[in-house]
Amino acid sequence: MKCVVCLKRVPDTGTRIKIDSSGTAIDDTDVEWIVNPYDEFAITEALTHRGSDGEVIILALGPEETTKEIRTALAMGADQGILLQVQRPPTDPLQTAQVLASALKELEFDLLFFGCRGVDDDNCAVGPMVASILDIPLLSDVIQFDVEGSKATVQRETEGGHEIGNMPLPCGITTQKGLNEPKLPSLPGIMKAKKKPLEIRPVELPDSSLEIVEMSFPPDRPPGKIVGEGADAVPELIRVLQEEAKVL
Amino acid sequence: MGQNILAIAEIRDGEFRSVSYEIIYQARKLAESTGGEAIAVAVGSGITEKAAELGHWGAHRILVLDDPRFEQYAPEGLTETVLAAAKTYDPSTILFPASRRGKDLSPRVAARLQSGLLVDCTDLEISEGHLVATRPAYAGKVLLKIRPKTLPAVVSLRPKAAGKPVRSEESAGSEVVALSDLNLEDAQLKTQITGFEAAAGKKLDLTEADTIVAGGRGLKGPENFNILEDLAEALGGTVGASRAAVDLGWRPHEDQVGQTGKTVNPGLYIACGISGQIQHIAGMRTSRNIVAINKDAEAPIFGLATYGIVGDLFDVVPRLTEELRKIKDAEH
Ligand SMILES: Cc1cc2nc3c(=O)[nH]c(=O)nc-3n(C[C@H](O)[C@H](O)[C@H](O)COP(=O)(O)OP(=O)(O)OC[C@H]3O[C@@H](n4cnc5c(N)ncnc54)[C@H](O)[C@@H]3O)c2cc1C
Ligand SMILES: Nc1ncnc2c1ncn2[C@@H]1O[C@H](COP(=O)(O)O)[C@@H](O)[C@H]1O
Numbered sequence: 000m001k002c003v004v005c006l007k008r009v010p011d012t013g014t015r016i017k018i019d020s021s022g023t024a025i026d027d028t029d030v031e032w033i034v035n036p037y038d039e040f041a042i043t044e045a046l047t048h049r050g051s052d053g054e055v056i057i058l059a060l061g062p063e064e065t066t067k068e069i070r071t072a073l074a075m076g077a078d079q080g081i082l083l084q085v086q087r088p089p090t091d092p093l094q095t096a097q098v099l100a101s102a103l104k105e106l107e108f109d110l111l112f113f114g115c116r117g118v119d120d121d122n123c124a125v126g127p128m129v130a131s132i133l134d135i136p137l138l139s140d141v142i143q144f145d146v147e148g149s150k151a152t153v154q155r156e157t158e159g160g161h162e163i164g165n166m167p168l169p170c171g172i173t174t175q176k177g178l179n180e181p182k183l184p185s186l187p188g189i190m191k192a193k194k195k196p197l198e199i200r201p202v203e204l205p206d207s208s209l210e211i212v213e214m215s216f217p218p219d220r221p222p223g224k225i226v227g228e229g230a231d232a233v234p235e236l237i238r239v240l241q242e243e244a245k246v247l
Numbered sequence: 000m001g002q003n004i005l006a007i008a009e010i011r012d013g014e015f016r017s018v019s020y021e022i023i024y025q026a027r028k029l030a031e032s033t034g035g036e037a038i039a040v041a042v043g044s045g046i047t048e049k050a051a052e053l054g055h056w057g058a059h060r061i062l063v064l065d066d067p068r069f070e071q072y073a074p075e076g077l078t079e080t081v082l083a084a085a086k087t088y089d090p091s092t093i094l095f096p097a098s099r100r101g102k103d104l105s106p107r108v109a110a111r112l113q114s115g116l117l118v119d120c121t122d123l124e125i126s127e128g129h130l131v132a133t134r135p136a137y138a139g140k141v142l143l144k145i146r147p148k149t150l151p152a153v154v155s156l157r158p159k160a161a162g163k164p165v166r167s168e169e170s171a172g173s174e175v176v177a178l179s180d181l182n183l184e185d186a187q188l189k190t191q192i193t194g195f196e197a198a199a200g201k202k203l204d205l206t207e208a209d210t211i212v213a214g215g216r217g218l219k220g221p222e223n224f225n226i227l228e229d230l231a232e233a234l235g236g237t238v239g240a241s242r243a244a245v246d247l248g249w250r251p252h253e254d255q256v257g258q259t260g261k262t263v264n265p266g267l268y269i270a271c272g273i274s275g276q277i278q279h280i281a282g283m284r285t286s287r288n289i290v291a292i293n294k295d296a297e298a299p300i301f302g303l304a305t306y307g308i309v310g311d312l313f314d315v316v317p318r319l320t321e322e323l324r325k326i327k328d329a330e331h
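So the sequences go chain by chain: A and B.
The numbering of the first sequence is numbering that gives the first Met the number 0, which starts it at 0 and goes up by one.
The numbering of the second sequence is numbering that gives the first Met the number 0, which starts it at 0 and goes up by one.
Right, dumping it as structure tokens:
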């Protein structure tokens, strides 16, 4: 199978986010970058469907530094990478989807993989947007994915349980935790990755459909209180929950 | 551009999910500021008679597509239906619940309209005639105020974030209109959902629960989660978990709260044996009340908690359950 994985570079989840002087974007200095955690499931899944005559292509839209995250994916076992290079990646998912979709039109893939969510902007949007633009079927939040012949069968997570579905190829999924155990890069994998093809293509972004007016921190929570120690504090906890918080 | 607000209801097993009422109620509020109509769109199988209910939550007009092909979620068909409704009623905003389906469907609609998508909003206002949305990003570490630059704006609204909707005894005089001449071909509906398996023992999804009792590595093993199940039952809540508990295989993946799990905003979140690392906090910091039970007085979770008990959860939690049951019994 020819598989394409869309990969996003995001700040490490342990990062303390700072806001830059414009007040509408995060401050990038001192940020550690990683492969979006959900995209690790996507890469791992693509590798299991590659088969002997297939390939796994990593497609990322981002600044030049994104080659580092693409190399990580190549070290996990992917075959080649394409970076759609911009100065700064858009926060508007529509811009991202439009650029990715136009690159994907030339790739003739069988299977297309996205994470369910970029853990930065939390858009959860690029996968379904790209599928809609390309007019291919896609199911999101997938936790089990099987391909037989020209048909894919999936289980997807939904409120209160799992939905079971199917779709014809070519098709896409967005990955949810539970799909697989991500395959970490091995030392030989890292060595091999250095020699794998990685193409850098500068691209222009279409106009943004959104304007960020302001970025701020959520208000601090009012200071809490320790109601006591051990099981003896339980009656006091119940009292404050009833009388102050009024949640019981 | 019109001033109407479209609200896309969510139907499962032939019933409206409560998020439907929330978005219709919000659509009504927006329509009152824009001077347009709040128009509900209901697509499902065998729903025509039930659709009038939406009028009690504020819909001026209810568009219904009653078609057996929509018994289950059918993303391509729903996209076409919403686009057709948008074409006829020229809305300035299309509202979806930020549920699993709404989050899958709204991007498709936005992409087809080439319109701005405002995801998982917690507040919407009309300022000088323009929509401004507030939404969290980085799992709640920051808040964004965003304006769409193209209309109609496609918006998903976080469940429970904008307050409880109120059902009025009187319907908003709503008219039920059948969406008929859509000519949806079977071939357009490539993605098929064929079934649903309910998760074992789960009553309510974490994202919709009003009370969550969550456990972490401090629980020491999967068998001990029964003490949290008991507390959750006494409170009428649902059990969640930290990633540590999930990665150890003690709880299923869908129970994980945090930056790479679910973002929850219940009225009461009780964290038991959870240290409160940044990725966990990101998913639950908007809970109205947070109770922490931890034996380490220095655990970061106490910095966030509304109320804390320093102590061994194996003593505190069963006692709490016992006291709550006593109160409940006394009420009966
Ligand atoms: C990319 C990435 C994504 C992540 N995403 C998430 C996420 O979405 N959600 C998430 O939760 N984490 C996430 N994490 C993990 C996070 O960093 C922490 O490792 C995790 O939250 C810790 O879980 P914990 O609090 O259960 O365990 P610990 O940090 O080990 O804390 C256990 C706590 O239990 C207390 N305790 C022990 N015994 C008792 C007792 N008998 N009574 C009372 N208290 C007791 C201890 O004092 C301690 O505070 C992520 C990490 C990474 C790298
Ligand atoms: N800049 C990008 N480059 C490549 N893929 C992306 C990009 N942004 C988002 N994606 C893909 O879309 C998924 C969901 O991201 P988002 O819609 O931003 O939450 C990610 O997990 C990626 O698979």
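All C-beta atoms in this analysis are idealised placements derived from N, C-alpha and C, irrespective of residue type, glycine included.
All of these numbers come straight from a predicted model, not from anything done at the bench.
When rounded, the separation of the alpha-carbon atoms in S44(B) and I192(B) is 14 Å. For G76(B), the uninterrupted alpha helix (DSSP H) segment begins and ends at 74 to 88. Judged by their CB atoms, C5(A) and L99(A) are nearer to each other than the 8 Å cut-off. Under the DSSP assignment, V18(B) falls outside any beta strand (DSSP E), being part of the alpha helix (DSSP H) whose first and last residues are 17 to 33.
Contact between the region 122 to 134 of chain A and the region 81 to 97 of chain A is established, with three or more Cβ pairs separated by less than 8 Å. At a cut-off of 8 Å between beta carbons, V81(B) makes no contact with chain A. For T237(B), no Cβ of chain A is located within less than 8 Å of the residue's own Cβ. Each residue's CA atom was taken as its position, placing S32(B) and P317(B) some 50 Å apart.
Proximity of the region 234 to 241 of chain B to the region 140 to 152 of chain A falls short of the contact definition, fewer than three beta-carbon pairs being nearer than 8 Å.
With a minimum length of 4 residues, the unbroken runs of alpha helix (DSSP H) contained wholly in the region 19 to 87 of chain A fall at 36 to 48, 66 to 75. Residue-level contact by beta carbon holds for N165(A) and chain B, with a gap shorter than 8 Å. Listed by position along chain A, the residues whose Cβ is nearer than 9 Å to that of K86(B) form an empty set, because the closest Cβ is around 16 Å away. The C-alpha of I292(B) is placed about 49 Å away from the C-alpha of V63(B). Contact between G266(B) and T210(B) is confirmed by a C-beta separation of about 7 Å, below the 8 Å threshold.
With a cut-off of 7 Å, the C-beta of I192(B) is classified as distant from ligand 1, since no heavy atom of the ligand falls inside that distance. Selection around ligand 1 by beta-carbon proximity, strictly under 5 Å to any non-hydrogen atom, yields T12(A), P36(A), G215(B), R216(B), G217(B), S241(B), R242(B), A243(B), G257(B), Q258(B), T259(B), G260(B), G272(B), I273(B), S274(B), Q276(B), Q278(B), H279(B), N293(B), K294(B), D295(B), A298(B), D311(B), L312(B) in chain order. Within the region 141 to 178 of chain A, the complete beta strand (DSSP E) runs of at least 3 residues fall at 150 to 157, 160 to 167, 170 to 174. Residue pairing for Q255(B): DSSP places it in a beta bridge opposite A240(B). Listed in chain order, the alpha helix (DSSP H) elements of length 4 or more contained wholly in the region 304 to 329 of chain B amount to none.
Taking C-alpha positions only, I23(B) is separated from N165(A) by approximately 31 Å. Distances from the CB of F113(A) to the heavy atoms of ligand 2 include at least one below 7 Å. DSSP, read as helix, strand or coil, puts P92(A) in helix. The DSSP-derived three-state label of S155(B) is strand. Judged by beta-carbon spacing, R111(B) lies within the 8 Å limit of T78(B), meaning their Cβ atoms are closer than that value. It is roughly 42 Å from the alpha-carbon of F216(A) to the alpha-carbon of K49(B). G43(B) is bridged by DSSP to D65(B). For H129(B), DSSP records a beta bridge to S126(B).
Shortest Cα-Cα distance from D121(A) to any of S17(B), Q113(B), K102(B) involves K102(B). Between E68(A) and R8(A), the alpha-carbon positions lie close to 7 Å from each other.
Nearest Cα to E31(A) within the set D91(A), F40(A), D119(A), E107(A): D119(A). Within 9 Å of the CB of D119(B), the CB atoms of chain A belong to D121, N122, C123, in sequence order along the chain. A230(A) sits in a helix when the DSSP states are folded into three classes. Against chain B, the beta carbon of M75(A) has no neighbour under 7 Å; the closest one sits roughly 18 Å away. For the region 184 to 196 of chain B, residues whose beta-carbon sits nearer than 7 Å to a beta-carbon of chain A comprise K189, T190, Q191, I192, T193, G194, F195, E196.
Across the structure, A244(A) and T28(A) are spaced so that their CA atoms are roughly 40 Å apart.
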